[in-house]
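Protein chains in written order, with my numbering: chain A, 4 to 732; chain B, 24 to 269; chain C, 9 to 185; chain D, 731 to 1213. We treat Cβ as the ideally placed atom computed from N, Cα and C, and that holds for glycine. Predicted model, so just to flag it, every value in this text is computed and none were measured. First comes the structure, then the notes that go with it.
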């Protein structure tokens, strides 16, 4: 029975259910009593129809939050968080809410397409048999090592399938990449954890249990690692239910949404994060007494104060705050790590935690638990690994490139040369749901279902104390003529024969999934258990996945975290120019939200700008340069230039400018196209020791253009900034 | 026909005695300004998006917006606590009496400030008279291209051009919960359902419930000393309590 | 038709002779009821020594005011009860105090002014497009006296009017104005 | 018709120097009687005069503006929604309501002149009561149009009428807008009736001296009026009732309009003085408009220099000066109390008025409404100069339009939610507002060819009542009370 419960059956069942509810509510006896209501009542007093709720996983980012989707008569109406899922406990972010605008986006890829020439808009609709034959031929007619898979960051079932395929056939192992990972500097985080704790894993910061949180650039309330989970942690930090209201200090050169919530916001000079962390460590150690740990020995707080632009008193005050608390926690992240010395920053900040001795304790640092069916931490590719891959493409070593769930032409900095290198790849096949830039440069687009139309699972990389495997199931039948990429690959592999066929001996996606999940049946302490696979899978889908009931966070072994030398060098900055350049991920759009109209219309949390890109500039600096709000300026870096309107941002260093990442699409549908700019165009090829892009390590020039482009803001410039109200009062 | 006895029952207590029924508590200290509530509200209530030009000209349709201001000058600059602003469902609502068409009235059952779209003729007096400026007007016939309308919530009217709208405290959810409870012969339990914004909020900064029930979570929270109601001095008797800081 | 009457229309150039003529007519036995004055400006009865004219306009106006007040009362005090359930706005009383004053006032005034206007129509039999006895000269400031008398008296009256300075005395014939 | 040419050219009368009989007669229409027949002919001729090409050109241009700017743009507005206009949050109310208040204000002059001056027997009113009443009706038409333009769903405007309906709804009598509807309807109906009643004898006169379609037209309008004792009595009674009753109606209209604002919970609007302030403001603009109309009629229509003389401009000029002072008094009263109150939002608003981006308008308003009228109208010679007072009239109207603009879109910019403050940028309202002005002028131009603009019988009545009397050596004008 279990093997036969395919998607088709499922949809049939769903259809019967919908028809039944339609009969019961809509076209049935009730409709005989239709009466004309006068305009006395609000229509909201009357609701109709029965809703059906399905648990699935949010695919908007790689965090893997559980969703419950409300559907009515086969239409998805509303996404809510899955209260059972330990990662998000019933909550969602704005992107999770807007996922329906992806599902019902007017600019989806509706059919398999063959492009007449790369980059052109003219395509030819194919049928799926022909499409699968194209994939099969690509697999069969090329050497396995000439075939590569580029995928999104999510460690999901497709990744497992392609990994299996690759290991069985000698294909290149799939590369997972995403701009979010790049801007989070995930590789640096796990490298620092490896250096300090001997284990390459994603650290888990228990913000909720802490008393004092020092965040060095980590934008954990926005897009960082697992924003919903960290926001819950932040609420725990602040809520004075069982403890004192926790304090939060943010170190960054440009106030992020996260920094906006800080009790103290410390605008340090970019590049001095490691220095500042070590100086605070030194001062805090002095307060705590005892021997000075080796890590802090070489730092001079006075010198640090002058280099970082933070007053010595402030450093001492902060050190006192950190040392004086029993629950102090230091978090490295974001732009602080995306610099030439990013690894040192991460190590220095992680080492700070040793002072409060919080490793593996509530309110401290853990290592994220591995997901239930995971044996080791699977890090997404760093930018340097991507660069190596691009080099391979350019060298002609890749003949066939499959792209799924990622849009490298947009997400990778132009300087890495993916666009140029792709010309040396003879066949590019995209599985994109939306007509993004990479799909436009692909020879074929074989659209995958939207996440809400798909089966699957996704491992939760971090954010939950319990290991979580979040399950996905279709909540609606596919709206367009799309097909699950897993199904396409399984069929194509069988057509290709040989090792391909034997690597994927499945009937369809569901069978593959069942096989993967069935291993969990025997585990103890799971959220669900069942005697047979069919029941287990039904529970798995019903509850939105499988998780352990116990806290399996790992306490890091931090024996000598402080007993090693940590480099206190300042970061090096590339390029000429008077401004430090901080690109940051738009908290509402992130890397792939630009095609969802309601995400576009969400005001940016810090600037309230909608539908566009802006550059943040300190008002004092702008005044000196004769620049005003909405003036379009040209930003020139060593790698490129772009023109963008100015937002006079009161909370940014005068020597720094910042641009959000998320807009600047040249494809990707009507809501995203030709809107704003992509700050990744300014980034050069500079990496830190962990291989992450030194995206915050650029210096840029600002030139006036004399053009004005009014930004759409929700806020009132008059009311918030007092501009245009008349002279001072 | 209304009989006199009906009226006696519905006689609304004046001034301070007036109590709401449904209310909300918003903790600004933990609100991160992430806009999840805004998106959730838009998705639940079929709110239209208006595009770059109109949204930049004060015509966005958000039923809830997150306000933030700045304090101090760089480097001592601070972002003030995010302030989600939505219809306060005033007990003494200034918007209600001024509508010539009875399009915005006080519901007796829910003690909410209703907006009856099909009665609205678009004088926009209510919005003008709202001290909180939380009403949105359908300035144009904003089109949502196919297949976006598939996502429409069938429980919520899709508003067309020329009609005022505003936060309803997700009245469709209130009714659904009440009907469910009624069919099961019980009262609606506290926390059994909540509004779209409160449900989405990752920080749990929004709590919704019965303010006339002293045992409910929202009543318990509202008793905390640092709760404030916005523009209370106008005598609007708002039903949303804010916690400003820690 | 032995008592058949004839209408004479005498045109006077000014007030004074007209007033004299009226006095004279009265002295030769023509009743006030048998006379009518047509003028291009509102000459008062007193100027011509005529009895006061009866007019219903103020009464009709008063009646209209009462009707208007009634309509206002209906709107202000009755319509709120006509809904299927009581509609409350804000915490304002079900039947608001001051606003009812506004409604009562406006509708009373509207009723009064409408009926005043209507009163003119009713009292003057407007609109009236039938043929009527008239000389256009009156709109040039002349004053015309319309005398109703029997055939027997026609000559006497004509002479008297002529004597008193009438520019012309003619039997009046109804004509389209 | 030859009346003495010198009347037309005589210099604006200054003081009563000389007091010679001849001079007084020259000065005062009431002392300068002409035979009624001659006056009738003059009025008829002014109306029937064959329009010049200039007239047709102006009518053509105005018609184009009305058709394109008013009706075509309105259809665009209805199809595309209020988004075509400049309204948004927080400026939910814009120029449409500015125009509504403005036109209602203009309409007040007609009633003021023909009712209040009639009640108080101000004799100089006689020749131009009609012209002023026409302003009332035509102004209210524009006000009505403007209010409908403002509505988001104008096709449902009838929902505001009180009548039993399927919606099972009656209008909300708590709403100042409902009062507005009642008051403006009452005012429009009664002022139209009040325009019509005194017109009856004049159309009867016109009926007696016209032929063809005009004869039919006037005959229909005259309703069979002959001028019998009874007709006059009814008419006079009715006019008396109207003259007294329409005054409180007029006051109530603009007071209720002011309540639209004063009843709102907004800084700057919640003012108890708004009622009289608005009424005085309405009279201010209304008088200004009346004098412009008089100056134009006098300058463009035949024989009007006989009927409308320097004395009339002088008299209205005095009224304008007094009203301007009253406006300044109310303005300052309102400003002072708001300023003293110290509410932070009101402070902000006052500051925004003066120093904000539209501060120029605030100062221009004071210059137009106070400084210029005071500087010019105190001088009897100047205020008796038609083109000069006419210009002042236009300036006052600009100033009063600014006043309403400041009260509505500029004031609503500032509210208690600074996060929403936004400056209003008008859109389609501007052409449509110009369209209402064009329609007003066009209606006037058409009316001037159809309706006797001078109430001849009233003029004659006045002339009968006036005489010169000698007190010792001095000749003075004396009036007898005829009614």
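Item	Value
May I ask you to list, following chain order, the residues of the segment 1137-1170 of chain D that have a beta carbon less than 7 Å from some beta carbon of chain B?	1142, 1145, 1146, 1147, 1149, 1150, 1152
Could you spell out where the beta strand (DSSP E) holding residue 475/A opens and where it closes?	471-475
Looking only at its own chain, which residues have a Cβ that is under 6 Å from the Cβ of residue 1128/D, when we skip the five neighbours before and after it?	1098
Taking only three categories from DSSP, how would you classify residue 630/A?	coil
How many angstroms separate the CA atom of residue 109/A from the CA atom of residue 269/A?	44 Å
Can you have a look at residue 507/A and say buried or exposed, based on whether 16 or more other CB atoms are within 10 angstroms of its CB?	buried
What three-state label does DSSP hand residue 264/A in the structure shown?	coil
Determine the chain C residues that contact residue 898/D at a beta-carbon separation under 9 Å, and present them in chain order.	90, 91, 92
Is there at least one Cβ from chain A nearer than 9 Å to residue 98/B's Cβ?	yes
Indicate whether residue 107/B and residue 88/B have their beta-carbon atoms separated by less than 9 Å.	yes
When the cut-off is 9 Å and only beta carbons count, does residue 27/A lie next to chain B?	Confidence in residue 27/A is poor, its pLDDT being 44 and thus under 50, which makes the residue's placement unreliable; the coordinate value appears in the next sentence. No, residue 27/A lies away from the interface with chain B (no Cβ there is under 9 Å from its Cβ).
Which residues bound the alpha helix (DSSP H) around residue 81/A?	Run containing residue 81/A: none in the alpha helix (DSSP H); it sits in the beta strand (DSSP E), 78-84.
Smallest Cα separation from residue 135/B: which of 120/B, 44/B, 101/B, 58/B?	44/B
Quick check on DSSP: helix, strand or coil for residue 41/C?	helix
Can you list, in chain order, the residues of its chain with a C-beta nearer than 6 Å to that of residue 78/B? Leave out the 5 residues immediately preceding and following it.	none
Please decide whether residue 128/B counts as near chain C, where near means a Cβ-Cβ distance under 9 Å.	yes
With 9 Å as the threshold, decide whether the Cβ of residue 742/D is near any Cβ in chain B.	Low local confidence applies: a pLDDT of 46 at residue 742/D is under 50, so the model's placement there is unreliable, with the coordinate-based value given in what follows. So, not an interface residue.
Check each candidate in 50/B, 90/B, 70/B and name the one with the smallest Cα separation from residue 172/B.	70/B
Specify the secondary structure class of residue 220/B as computed by DSSP and reduced to three states.	helix
Short check: CB of residue 1162/D to CB of residue 772/D, under 9 Å?	no
Any idea which residues DSSP pairs residue 47/C with across the strands?	151/C
Quick one: which unbroken alpha helix (DSSP H) runs of 4-plus residues sit fully inside the segment 553-627 of chain A? Chain order, please.	600-603
Are the CB atoms of residue 80/C and residue 128/C nearer to each other than 9 Å?	no
Show which residues of chain C have a CB atom less than 8 Å away from the CB atom of residue 117/B.	98
Who does residue 250/B pair with in a DSSP beta bridge?	266/B
Spell out whether any CB of chain C is found under 9 Å from the CB atom of residue 114/B.	yes
Give me whichever residues DSSP pairs with residue 15/C in a beta bridge.	156/C
Just confirm the distance between the C-beta atoms of residue 115/A and residue 134/A, as a whole number of angstroms; I'd bet it's less than 8 Å.	4 Å
So what does DSSP say about residue 57/A, is it helix, strand or coil?	strand
Just confirm the distance between the C-beta atoms of residue 276/A and residue 368/A, as a whole number of angstroms; I'd bet it's less than 8 Å.	Between residue 368/A and residue 276/A the Cβ distance is about 17 Å, and since that is not below 8 Å, they are no contact.
Quick one: does residue 138/B have its CB under 9 Å from some CB of chain C?	no
Contact between the segment 1121-1140 of chain D and the segment 748-760 of chain D is defined here as three or more beta-carbon pairs at a separation below 8 Å; is this criterion met?	no
Do you know how far the Cα of residue 443/A is from the Cα of residue 680/A?	18 Å
Below 9 Å on C-beta distance, what does residue 213/B contact in chain A?	Within 9 Å Cβ-Cβ: nothing; residue 213/B doesn't reach chain A, min ~16 Å.
Beta strand (DSSP E) containing residue 663/A: first to last residue?	659-664
I'd like the ranges of any beta strand (DSSP E) spanning at least 3 consecutive residues and lying wholly in the segment 308-386 of chain A.	331-335, 368-370
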